[in-house]
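Student: Quick one: this structure, given as structure tokens, is what I'll be asking you about.
Residue numbers (my numbering): 1 to 129.
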């Protein structure tokens with residue numbers, strides 16, 4: 001999604017292109033049309049293009065609002081004791097494949113309690129013998 005917006009007021013004067021200090025704007029003429037290009041990775045978000053545009057064609061607000069766009073959705077694995085999210089399923093698979101061991105879905109609060117629970121079970125078995 002492009003955060004650089006140009007509205008219908010643009011008349012192609014190129015004031016923005018010629019005054020961009022980061023060279024994030026460019027243009028080319030092709031047959032009967034002028035195409036204005038914006039490179040977000042070069043953009044310094046300084047707002048100079050917006051300030052120099054005589055037509056108020058650049059909608060700079062989209063560049064400075066700092067909103068987040070959804071880029072991916074991943075499945076979560078939850079702690080088997082309390083149900084809190086612990087890691088993503090993909091991360092669990094990556095770690096399991098790398099270590100050749102199954103990753104126990106335990107949150108930090110319960111990670112230490114699992115060995116303690118096993119020890120308590122073993123201790124109670126010994127006590128009953």
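We treat Cβ as the ideally placed atom computed from N, Cα and C, and that holds for glycine.
Which whole-angstrom value is the C-beta distance of residue 130 and residue 10, which I expect to be below 8 angstroms?
Tutor: Past the boundaries of the shown model lies residue 130; the chain is included only from 1 to 129, so the question cannot be answered.
Student: Inspect the beta-carbon positions of residue 42 and residue 23 and report whether they are closer than 8 angstroms.
Tutor: yes
Student: Following the continuous alpha helix (DSSP H) through residue 111, name the residue where it begins and the one where it ends.
Tutor: Per DSSP, residue 111 is one residue of the alpha helix (DSSP H) stretching across 108-111.
Student: Residues in its own chain within less than 7 angstroms of residue 60 by CB, not counting five upstream and five downstream?
Tutor: If we look at residue 60 and ignore the five residues flanking it on each side, its Cβ neighbours are 47, 50.
Student: Label residue 74 either buried or exposed according to how many other C-beta atoms from any shown protein chain fall within 10 Å of its C-beta, with 16 as the threshold for buried.
Tutor: Exposed is the call here.
Student: Using the three-state DSSP reduction, which class does residue 18 fall into: helix, strand or coil?
Tutor: helix
Student: Which first and last residues belong to the beta strand (DSSP E) in which residue 33 is found?
Tutor: 33-38
Student: So which of 31, 39, 81 has the shortest CA-CA distance to residue 5?
Tutor: 39
Student: With distances taken Cα to Cα, identify the nearest neighbour of residue 102 among 110, 35, 93.
Tutor: 93
Student: Need the endpoints of the alpha helix (DSSP H) that residue 52 sits in, please.
Tutor: 48-52
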